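To start, the structure itself, in structure tokens.
Protein chains: 2
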Amino acid sequence: MAYTGRLRKVKTISWQNNKLIIIDQTRLPGQLRYLCIDNLKTMFMAIKEMKIRGAPALAAAGACAVVLGIRKSKAKKYLDFKKELDKVVAHIGSSRPTAVNLFWGLERMVKQAQYNSNKPVKKIKEILLKESKAIIQEDSLICRKIAREGARLIKKGDNILTICNAGILATIDYGTALGVIYESKKQGKNIRVFACETRPLLQGARLTTWELKKMRVKVTLICDNMAASLMENKKIDKVITGADRVAANGDVANKIGTYNMAVLAKFHNIPFYVAAPLSSFDFKLKTGKDIPIEQRDKKEVLSLFFKQPIAPKNVNVINPAFDITPHNLITAIITEKGIVRPADKANIKRIVNLK
Amino acid sequence: MAYTGRLRKVKTISWQNNKLIIIDQTRLPGQLRYLCIDNLKTMFMAIKEMKIRGAPALAAAGACAVVLGIRKSKAKKYLDFKKELDKVVAHIGSSRPTAVNLFWGLERMVKQAQYNSNKPVKKIKEILLKESKAIIQEDSLICRKIAREGARLIKKGDNILTICNAGILATIDYGTALGVIYESKKQGKNIRVFACETRPLLQGARLTTWELKKMRVKVTLICDNMAASLMENKKIDKVITGADRVAANGDVANKIGTYNMAVLAKFHNIPFYVAAPLSSFDFKLKTGKDIPIEQRDKKEVLSLFFKQPIAPKNVNVINPAFDITPHNLITAIITEKGIVRPADKANIKRIVNLK
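In order, the protein sequence lines correspond to chains A and B.
Sequential numbering of the first sequence, starting at 13, is according to the working numbering.
Sequential numbering of the second sequence, starting at 13, is according to the working numbering.
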């Protein structure tokens, strides 16, 4: 079910009358279309097809999907309910393997259920709904903290390169990498953003330029392969990206092309920043080599949104959705608890343990 | 005028019954459509709109366009004819500013006219037609020489990355960078090509995969921003590209994204080769900084072939068609007279002066 009525404020995901309202991001920038979702099957496909995407938003999306998946459970006893819950959680987790935030959101829901296992199942369901709402609300606050931390790194007049979309549409309503940009603009720093279009799904062209224009930030769209030339011509002062998963040593998995940017930034002596909430950190993984990389459908490369073909049929394709940027190419990671610089194991540990 | 009848052999450009036959490369890979051109206006637009493209092919295209432009001249005296010729040549030269081969082709025609200025205009016209045919024929031979030289650099089992299309479609019938690949395959070296799709006009996705499949070379299509990740994962042994213009010091202008590849190759210790005929060298230009870079229509970035929009309307765009790779990032330049290694001024001079 979908409606196209305008909402006052862009909100990536929210609960309204027990239904989940998400922006269908595959329709942007042509159409701002909200989907009204009341069942797990639809929500699962929305995540898989990237109607909702972005690491932080996936934490909320995963948690909300749990609510949709278990609210019709007829289980009376906790153990029966828990069995259903585990099944639902495993199913949701299979939708997107790389962004750890999805698993972080799912885990939080499971923990909340376990913590309240002595309560009636009906009550647990209420608690889980509340928890999903808390995750949504916390994300807003965390993004604002990241933005304030990151803005300290930005100078007046900076030209900032970004890839994919780590903005409002990737979170609840402010963004990580783009949050830093919004905060810098608010502080009166006259900045310009260069947005890599981000093949194959063009999140930079479709989403980042759309929301930056909406937020009145100066933005110039480039093809991914133009970044090196811009850097060489001294047009870029800083690079900021989001992250889909950060390993314990500071290695970062992010949208394919991020590693490319990081190598170029190193070569041209340009600072390379990653903005990410602590929910994107996966301390179970020692290095980036342990991060699973999602391989997506070759049709994403072979055609534009499964419509216009751009290559011969049956040509071989590889389509990794992410790449790994080693921590030694990252100048600093911007988190809600402060800036991790250099982005190494010891510094990450220190930040996490801050009160 | 166009016909879609199959020809036995792909030929990028040829004379047939006093008409110029070119493949409309904007229709590939969907349609192999030949255009039959009998006037300068149509040919000018075909060059400008990249129905025919590729540096070496543009030498022939420019020369043939001259024939179309002057063959209806009513001039009786050489001086009147020369005035018309100069006008036609200047006009053709304005179609694409970066590939020097276009100007090389035009200059050769002018020189031929000057050399024969004592002959009747009718005779000069015949000589110019002959000269355009000679350029077409020579290109085939030169490409084969480049291919043989380059194949010496290729080992059995090499995985080769390329960008844009420097193949049959960029020349007359063999290619420069891809010619090296065809020759290596002929020599029984079991190679695999990774083709960067090459945004915005997708020559890699549309043209390179199409012709490699036709030539039965194993090819895998990737988005431009995936190359770094492939290199990091040891999937690439060599990079080979074409060139649109080579400065006297070995700096190379080539399709946007080439410089990106060169930086990545350097970072990952992968040899980076450029294959180009001597007609691509411009000794008047000391360094790559002097090479004019064509800026193309923003619509190329904002939509796919002016059809499906992929970004909000009115978003700022930059769209340089080429970038400059400094010679110190180039392992060697492969020419018809041999391999220039390192690709510096002294070595280029030496190769040019070889008999």
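We put the beta carbon where it would ideally sit given N, CA and C, even for glycine.
Note that this is a predicted model, so its numbers are computed, not measured.
Taking a C-beta distance under 8 Å as the contact criterion, Gly-117 of chain B and Leu-70 of chain B qualify as a contact pair.
Secondary structure of Val-229 of chain B (DSSP, three-state): coil. In the displayed model, Arg-160 of chain A falls within a helix according to three-state DSSP. Straight-line measurement puts the Cα of Pro-338 of chain A at about 30 Å from the Cα of Val-101 of chain A.
Under the DSSP assignment, Val-205 of chain B falls in the beta strand (DSSP E) whose first and last residues are 204-208. According to DSSP, Phe-115 of chain A shares a beta bridge with no other residue. Under DSSP, Gln-307 of chain A forms a beta bridge with A:Pro-332. Its chain contains Phe-93, Glu-96, Val-133 as the residues whose beta carbon lies nearer than 7 Å to that of Ala-87 of chain A, once the 5 sequence neighbours on both sides are disregarded; these appear in chain order.
For Ile-172 of chain A, the closest of A:Ala-259, A:Gly-350, A:Thr-232, A:Leu-214 by C-alpha to C-alpha distance is A:Thr-232. Boundaries of the beta strand (DSSP E) around Ile-252 of chain B: 250-253. If you compare the alpha carbons of A:Gly-81, A:Phe-56, A:Ser-152, A:Ala-67 with that of Lys-23 of chain A, the shortest gap goes to A:Ser-152. Secondary-structure assignment with DSSP links Cys-48 of chain B through a beta bridge to B:Ile-33. Nearest CB-CB separation between Leu-276 of chain A and chain B: below the 8 Å threshold. Within the segment 332-363 of chain B, contact with chain A at the beta-carbon level (separation under 9 Å) is assigned to Pro-332, Phe-334, Asp-335, Ile-336, Pro-338. In terms of Cβ geometry, Lys-197 of chain B and Asp-170 of chain B do not form a close pair [threshold 8 Å]. Thr-347 of chain A is bridged by DSSP to A:Gly-350.
For Ala-287 of chain B, the enclosing beta strand (DSSP E) stretches over residues 284-287.
Taking a C-beta cut-off of 8 Å against chain A, none of the residues of the segment 56-89 of chain B qualify. DSSP places Pro-321 of chain A in the strand class (E or B) of the three-state scheme. At a beta-carbon threshold of 9 Å, none of the residues of chain A lie near Pro-283 of chain B; the nearest stands roughly 17 Å away. By the Cβ-count criterion, Lys-246 of chain B is exposed, with fewer than 16 other Cβ atoms from all chains shown falling within 10 Å of its own Cβ. In the DSSP secondary-structure assignment, Val-275 of chain B is not bridged to any residue. Below the 9 Å Cβ cutoff, chain A contributes no neighbours of Pro-304 of chain B, its closest Cβ being approximately 14 Å away. Ranking A:Ala-259, A:Ala-58, A:Glu-223, A:Lys-349 by CA distance to the CA of Leu-297 of chain A puts A:Ala-259 first. Assignment of Phe-293 of chain B by DSSP, reduced to helix, strand and coil, places it in the strand class.
By the CB criterion at 8 Å, Ala-67 of chain B and Ile-34 of chain B fall outside the cutoff.
In the structure shown, Leu-316 of chain A falls within a strand segment according to DSSP collapsed to helix, strand and coil. At a C-beta separation below 7 Å, Arg-228 of chain A has no neighbours in chain B, since its nearest C-beta there lies roughly 13 Å away. CA-CA distance, Pro-289 of chain A to Tyr-186 of chain A, rounds to 12 Å. Ranked by how close their Cα comes to the Cα of Arg-120 of chain A, the residues A:Asn-130, A:Ile-148, A:Thr-110 have A:Ile-148 in first place. The CB of Gly-269 of chain A comes closer than 9 Å to the CB of Cys-235, Asp-236, Asn-237, Met-238, Ala-240, Ser-241 in chain B, given here in chain order.
Between Thr-347 of chain B and Ile-322 of chain B, the gap from beta carbon to beta carbon reaches 8 Å or more. Under the criterion of beta carbons closer than 8 Å, Tyr-285 of chain A and Leu-165 of chain A qualify as touching, at roughly 6 Å. Spanning the alpha carbons of Ala-189 of chain B and Thr-183 of chain A requires a straight line of approximately 44 Å. Rounded to whole angstroms, the separation of the alpha carbons of Pro-212 of chain A and Cys-235 of chain B is 7 Å.
Of A:Ala-111, A:Asn-113, A:Lys-325, A:Leu-80, the smallest CA-CA separation from Lys-99 of chain A is found for A:Leu-80.
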